[in-house]
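J.:
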Amino acid sequence: EADQVFNLIEPFAGYAFNKAHAVCYANIAYQTAYLKANYPAEYMTAVLMLAEHHPAGAAQRVAEAYPECARLGISVLPPDVNHSRVSFALEEEEDGSLAIRFGLANIKNVGTGIVEGIIEARDEGEPFASIEDFCQRVNCRYLNKRAMESMIKAGAFDCLGGRGILLANLDRLISMAQRAQKVRESGQATLFDVFGGSVSGPSMEAAEAEVPLASQLAWEKELLGVYVSEHPFSRAAAALSKRVTAMCSEVSAEMVGREVVIAGIINSTRQILTRAGRLFLAAEIEDQTGSVEVTVWPDVYDQTRDLWAEGNIVLLTVRVRTRNDRLQLSVQKASAYQEGADPGPGDGDCAADPPAARQKANAARALRVTLRETEDSEADQERLRAVMSALEEFEGEDEVRLAIRQQDGDEVELELPRARACEELSQRLSAVLGDQGAVLL
């Protein structure tokens, strides 16, 4: 009987376990979708609050969630010592809508203990009236120079003073806070106690110059993971909108095999060597909607090296393809954006090719290589190796087809690794294979 029961259970167990998993995941998916659809601000706040536990890291998770907040029409407010809590929190705006406020502990180099000390001092009285008021009221045991500097750079003190003047007087502010702490511990009264905190502390030295917007945005990106004040690409976006055919977040598998024009700011780059020893580049490009990685193959990279500095705004024509089940964007043309100019893909001093070369490149989308079989098999193999070596040096995205004409008259056609179909490659292969050995299609 036991064997009979087992024989009944065994086939059922083959799919019952999977069904239970499917039901559980379906319930979670439905609940998550319901919350996002009906409570979008609360849902995205929770997503951001859990960012520090994300496998990719907090900064990466925040960068991923930030464009989704914008898509849903939810404002993400910068950190503020008079409004922020420890982590991300909901905040009602003047028009009654809900926004998400950055937490002070979401700033890089700022610990939870420091933030709790700031919030405790703020909640015991009124919002901080000035930077001197902040230094007088916050226990300096919670403060350190690195955390203060990071909070200033991230904009958390913008309500109390400009970032330039606060940074220029950072040492003076720390000293002010330390003196106030000693007075509190001694039990002595201060002018702030006598006059209700309305007397200013020692005056600060004015900064020599305001901090440039570009520097402020760079600090925000470094310390918060995203640009909060404004995106550095936003001013260029309007000028480039007529040229761009896809935003970074819109590039998808549906575009495979097509060329699209994207634009954005260069976040990071890394140089890589081909098997033939030539340099090419992988770069992360970001616009207001997200970021993508593009590949700049050697021929294009050699012509545009000065363009790929981090922080530059570029306009790119890329060809979309898949590799190992991932999208790959290969740069065909590149140009730098300059305010007031009207660049086209590949136009200007940073074009990948001169106009005549671009015209040929546009006309050639494939290369046909013909290898005639002879009685000398070793010589045939040597010619084939020479062909493969040339293709490696001209690495690119154009289709390459190899036609092998056998001695009996039959012809076999094979697909070779992709390369950059250009006149130079065609001439080099023809020198190995003879006239008409390589033909641009």
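The numbering used here applies: residue 2 is where the sequence shown begins, and numbers increase by one.
Don't be surprised by glycine CBs; every beta carbon is placed ideally from N, CA and C.
#1: From this set, Gln407, Val388, Leu403, which residue's C-alpha is nearest Leu426's C-alpha?
#2: Ignoring anything shorter than 4 residues, give me the alpha helix (DSSP H) runs that lie fully in the segment 263–350, in order along the chain.
#3: Taking only the alpha-carbon atoms, compute the straight-line gap between Leu452 and Glu43 and give it to the nearest angstrom.
#4: Bridge partners for Ala404 per DSSP, in chain order?
#5: Near Ser445, which residues of its chain fall below 8 Å by C-beta distance, leaving aside the five closest residues on each side in sequence?
#6: Which runs of the beta strand (DSSP E), 3 residues or longer, sit entirely within the segment 24–99?
#7: Is it true that the segment 132–141 meets the segment 169–180, where meeting means three or more beta-carbon pairs spaced less than 8 Å apart?
#8: Based on DSSP bridge pairs, tell me the residues matched to Ile101.
#9: Please classify Ala130: does DSSP put it in a helix, a strand, or coil?
#10: Assess, as a yes-or-no matter, whether the segment 15–35 is touched by the segment 60–71 under the definition of 3 or more beta carbon pairs within less than 8 Å.
#11: Out of curiosity, what's the CA-to-CA distance linking Ser336 and Met152?
#12: Between Leu308 and Gly112, what straight-line distance do the alpha-carbon atoms span, to the nearest angstrom?
#13: Three or more beta-carbon pairs under 8 Å between the segment 113–126 and the segment 69–79, yes or no?
#14: For Val245, which three-state DSSP category applies?
#15: Whole-angstrom Cβ separation of Glu1 and Arg429, contact assumed at under 8 Å?
#16: Take Phe135 and list the residues in its own chain whose beta-carbon comes closer than 6 Å to its own, dropping the five residues that flank it on each side.
#17: Where Glu340 and Tyr228 are concerned, what is the direct C-alpha to C-alpha distance, given to the nearest angstrom?
#18: Name the DSSP bridge partner or partners of Glu260?
#19: I'd like to check one pair, Val315 with Ile273: are the Cβ atoms closer than 9 Å?
#20: I need the straight-line Cα distance from Gly1 to Gly114, nearest angstrom please.
#21: Under a three-way DSSP split, which group does Ala364 fall into?
#22: With 16 other CB atoms within 10 Å as the buried threshold, where does Thr305 fall?
#23: So the alpha helix (DSSP H) Leu225 belongs to, where does it begin and stop?
#24: Could you check if Glu255 is buried or exposed, using at least 16 other CB atoms within 10 Å of its CB as the buried criterion?
#25: Would you call the CB atoms of Phe234 and Gly278 closer than 9 Å?
#26: In the DSSP assignment, find the unbroken beta strand (DSSP E) run with Val440 in it and report its ends.
#27: Apart from the five residues just before and just after Gln408, which ones in its own chain have a Cβ nearer than 6 Å to its Cβ?
#28: Which term fits Ser199, buried or exposed, when burial requires 16 or more other beta carbons within 10 angstroms of its beta carbon?
#29: Could you check where the alpha helix (DSSP H) with Leu443 kicks off and where it finishes?
#30: Among Leu392, Phe89, Pro68, Leu144, which residue has its Cα nearest to the Cα of Glu251?
#31: I'd like to confirm the pairing. Which residues does DSSP put opposite Glu396 in its beta bridges?
#32: Going straight from the alpha carbon of Glu186 to that of Leu167, what length do you get?
#33: Got a sec? Which residues, its chain only, sit under 8 Å from Glu92 by beta carbon, not counting five neighbours each side?
#34: When DSSP labels each residue in this structure, what does Pro355 get in the three-state scheme?
#35: Rounded C-beta distance between Glu396 and Ala420? I'm assuming under 8 Å.
T.: According to the structure shown:
#1: One-based indexing of the sequence shown puts residue 426 at position 425. Comparing Cα positions, the closest option is Val388.
#2: 299–304
#3: This structure cannot settle anything about residue 452, because the visible part of the chain is limited to 2 through 442.
#4: Stepping through the sequence shown from its first residue, residue 404 is reached at position 403. In DSSP, Ala404 forms a bridge with Thr371, Glu414.
#5: Absent from the structure is residue 445, since the part of the chain shown begins at 2 and ends at 442.
#6: You should have 90–93.
#7: With contact defined as three or more Cβ pairs closer than 8 Å, the segment 132–141 and the segment 169–180 are in contact.
#8: Indexing the sequence shown from 1 puts residue 101 at position 100. Per DSSP, Val77, Leu91.
#9: Stepping through the sequence shown from its first residue, residue 130 is reached at position 129. If DSSP states are grouped into helix, strand and coil, Ala130 belongs with coil.
#10: Counting Cβ pairs under 8 Å, fewer than three are found: no touch.
#11: Here residue 336 refers to the residue found at position 335 when the sequence shown is read from its first residue. Here residue 152 refers to the residue found at position 151 when the sequence shown is read from its first residue. For Ser336 and Met152, the distance between alpha carbons rounds to 36 Å.
#12: Taking the sequence shown and counting its residues from 1, the one referred to as residue 308 is at position 307. Taking the sequence shown and counting its residues from 1, the one referred to as residue 112 is at position 111. Using only the alpha carbons, I get a separation of about 38 Å.
#13: Remark: fewer than three beta-carbon pairs, one from each stretch, lie closer than 8 Å, so the segment 113–126 and the segment 69–79 are not flagged as touching.
#14: Taking the sequence shown and counting its residues from 1, the one referred to as residue 245 is at position 244. Assigned with DSSP and collapsed to three states, Val245 falls in coil, not helix or strand.
#15: Any question about residue 1 goes unanswered here, given that the chain covers just 2 to 442.
#16: In the sequence shown, the residue the question calls residue 135 occupies position 134. Close CB contacts of Phe135 within its chain, under the 6 Å cut and outside five residues either way in sequence, are with Phe129 (chain order).
#17: Here residue 340 is taken as the residue at index 339 of the sequence shown, counted from 1. Here residue 228 is taken as the residue at index 227 of the sequence shown, counted from 1. Cα to Cα, Glu340 sits roughly 20 Å from Tyr228.
#18: Here residue 260 refers to the residue found at position 259 of the sequence shown. Arg320.
#19: Locating residue 273 in the sequence shown gives position 272, counting from the first residue. Locating residue 315 in the sequence shown gives position 314, counting from the first residue. In this structure, Val315 does not lie closer than 9 Å to Ile273 by Cβ.
#20: This structure cannot speak to residue 1, because the chain is shown only from 2 to 442.
#21: Taking the first residue of the sequence shown as 1, we reach residue 364 at position 363. The predicted position of Ala364 is uncertain, since its pLDDT is 44 and thus under 50; a value taken from the coordinates is nonetheless stated next. Helix.
#22: Position 304 of the sequence shown holds residue 305. Around the beta carbon of Thr305, 16 or more other beta carbons lie within 10 angstroms, which makes this residue buried.
#23: Taking the sequence shown and counting its residues from 1, the one referred to as residue 225 is at position 224. Run containing Leu225: 214–225, per the alpha helix (DSSP H) assignment.
#24: As a first step, residue 255 is located in the sequence shown; it is residue number 254 there, counting from the start. By the 10 Å Cβ count, Glu255 comes out exposed.
#25: Reading the sequence shown from its first residue, position 233 is the one you call residue 234. Reading the sequence shown from its first residue, position 277 is the one you call residue 278. Contact flag unset, no.
#26: Within the sequence shown, the letter at position 439 stands for residue 440. Residues 439–441.
#27: Walking along the sequence shown from the start, residue 408 turns up at place 407. Within the same chain, Gln408 has close Cβ partners Glu374.
#28: As a first step, residue 199 must be located in the sequence shown, where it is residue number 198. Interpretation of Ser199 is limited by its pLDDT of 42, a score under 50 that renders its predicted location unreliable; the figure taken from the coordinates is listed afterwards. Exposed: under 16 other Cβ atoms inside 10 Å.
#29: The requested residue 443 does not occur in the structure, where the chain is confined to residues 2 to 442.
#30: Stepping through the sequence shown from its first residue, residue 251 is reached at position 250. Nearest C-alpha to Glu251: Pro68.
#31: Working through the sequence shown from its first residue, we reach residue 396 at position 395. DSSP links Glu396 through a beta bridge to Ala420.
#32: By one-based count along the sequence shown, residue 186 stands at place 185. By one-based count along the sequence shown, residue 167 stands at place 166. Between Glu186 and Leu167, the alpha-carbon positions lie close to 26 Å from each other.
#33: Numbered from 1 along the sequence shown, position 91 holds the residue referred to as residue 92. Within the same chain, Leu78, His84, Leu99, Ala100, Ile101, Arg102 come within 8 Å of Glu92 by CB-CB distance, once the 5 residues on both sides are set aside.
#34: Translated into positions along the sequence shown, residue 355 becomes position 354. Reliability fails at Pro355, whose pLDDT of 39 lies under 50, so the model's placement of it is uncertain and the value that follows must be treated cautiously. Coil.
#35: Taking the first residue of the sequence shown as 1, we reach residue 396 at position 395. Taking the first residue of the sequence shown as 1, we reach residue 420 at position 419. Yes, Glu396 and Ala420 are in contact; Cβ-Cβ is about 6 Å, under 8 Å.
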